[in-house]
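Colleague: Structure below; questions to follow.
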Amino acid sequence: GPSQTVPPPAAQSPLLQHPRFTCDLVYVHQKITKDAPESLLCQEIYDFFLEHLDTGRDDSTEYILEVGVSIPRLYQYVAMLLAHPSQRDDQDTFLEKLDFV
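Okay, here's the thing in structure tokens:
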């Protein structure tokens, strides 16, 4: 079912700072509409993940992706995650190559 709450903040794990650890995230949510309160919550949840899962490392290749109801886009994002993290471009470069940006 849809997310109804923003995850509680937790202490930053030292594992996220390890150079060989990669944490990818695909956030799948319902279609966002301007007049639905759940839409604002979807953005809050996505912002939470951006804030808490970003390692801040220059060499980081973790992907934090979001998709609504687009099944083809979901398939493309999952296909992006098939590459080994140490052999793939950073997220922005990869998305530019796929003309998503």
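So the number in this note's numbering is just where the residue sits in the sequence shown, counting from 1, plus 239.
Think of the CB as a built atom: it goes at the ideal place given N, C-alpha and C, for glycine as much as any other residue.
Report, in whole angstroms, the separation of the C-beta atoms of K273 and G307, which I expect to be a contact under 8 angstroms.
Modeller: With a Cβ gap of about 14 angstroms, K273 and G307 do not count as contacting.
Colleague: Taking only three categories from DSSP, how would you classify E335?
Modeller: Helix.
Colleague: Is it buried or exposed, Y316, if we count other Cβ atoms within 10 angstroms and call 16 or more buried?
Modeller: buried
Colleague: Leaving out the 5 sequence neighbours to the left and right, which residues in its chain are closer than 8 angstroms to V245 when beta-carbon positions are compared?
Modeller: L280, E283, I284, F287, listed in sequence order.
Colleague: By alpha-carbon positions, which one of V267, R312, C262, L337 ends up nearest to S325?
Modeller: C262
Colleague: Under three-state DSSP, which class holds L304?
Modeller: strand
Colleague: What did DSSP end up calling L349 once you bin it into helix, strand or coil?
Modeller: No answer is possible for residue 349: it lies beyond the span of the chain, which begins at 240 and ends at 340.
Colleague: Could you tell me the distance, in whole angstroms, from the CA atom of L334 to the CA atom of L254?
Modeller: 26 angstroms
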